[in-house]
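Numbering (my numbering) for the sequence shown: 309 to 510.
Note that CB positions come from ideal geometry on N, CA and C, so glycine has one too.
Have a look at the structure below before the remarks.
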Amino acid sequence: MTSTLKGITLKGSAELVADFFSYGINSILYQRGIYPPEQFTRVSQYDMSLQVTSNSELKNYLDSVVSQLKEWLLNCTVQKLVLVITCLDTSEVLERWQFDIECDKSAMESSATREKPIQMIQGEIRAVLRQITASVTFLPLLETPCSFNLLIYTDKDLAIPEQWEESGPHRISQPEEVHLRSFTTSIHKVCSLVTYKKTCPL
C-alpha cells in the first residue's frame, strides 16, 4: 500500500476505500442471509472478525467489481455505490444500502501525502462495519429468497466498461431509512445509509 503510518496518498486512499467495500459488501450479504452461512469464511481484518464468501463464483464477481471500483476511486470519477436487495420471486426492492463517495480531486494534482494516520482511518471503517453487523437488530427479517444488484454511479461522461450496463435507481416505495456512520481518508469520504421496506411480502 502506498501510504505511510502518518500519511496517505491518493493510491493508498483508493485501496483503503476499495477494501472497505469488499468487506462491507460481504458483510451485508452474510448478515442479510442472501447466501447460506456455510458459503462464508471468518477472517480477521481491522482488528475484528468478518465474514467473506467462499463461493468462488461470487468471489470472482466481487473481486471484478472492486477492482473496477478501485480504478474509478483512483481517478475520482465515482460518486456512489448502492447494494440493492430484491425479492427473487417478485423483483420487489426490499433494501437499498447506499454509500455516497466524495473525493478531493486536488489530490490528483499533488503527490503530497495527507496527514491522517492509517490506524485512525481503519478505526472509522471498523465503526461502519460494526453498524452493518448490528443492522440485523432493526432491519425486518427477509422472509423470501432474495438476490442482490450492485449499482455504481460515476461521472456522466465516463465510458461504461463492456461487462457493465445502464440501470435504474431501484427505489423503495415509502421506505424507512437509517443513516450509518461515515469515514474519511482525508481524500475520499464515504457516507452510509440503508433504506428498507417496512414489511416484507410473505
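{"Item": "Reduced DSSP category for L377 - H, G, I as helix; E, B as strand; rest coil", "Value": "helix"}
{"Item": "Residue span of the alpha helix (DSSP H) that contains M428, given as start and end", "Value": "426-442"}
{"Item": "Cα-Cα separation, Y343 to I433", "Value": "24 angstroms"}
{"Item": "Where S321 falls: helix, strand or coil (DSSP)", "Value": "helix"}
{"Item": "Check whether F491 and V502 have beta carbons under 8 angstroms apart", "Value": "no"}
{"Item": "Alpha carbon of M428 to alpha carbon of S364, nearest angstrom", "Value": "32 angstroms"}
{"Item": "Distance, G315 Cα to Y338 Cα", "Value": "33 angstroms"}
{"Item": "Per-residue DSSP class, three states only, for Y333", "Value": "The sequence given here places Ile at residue 333; Tyr does not occur at that position. Reduced to three states, the DSSP call for I333 is helix."}
{"Item": "C-beta contact flag for V390 and V401 at 8 angstroms", "Value": "no"}
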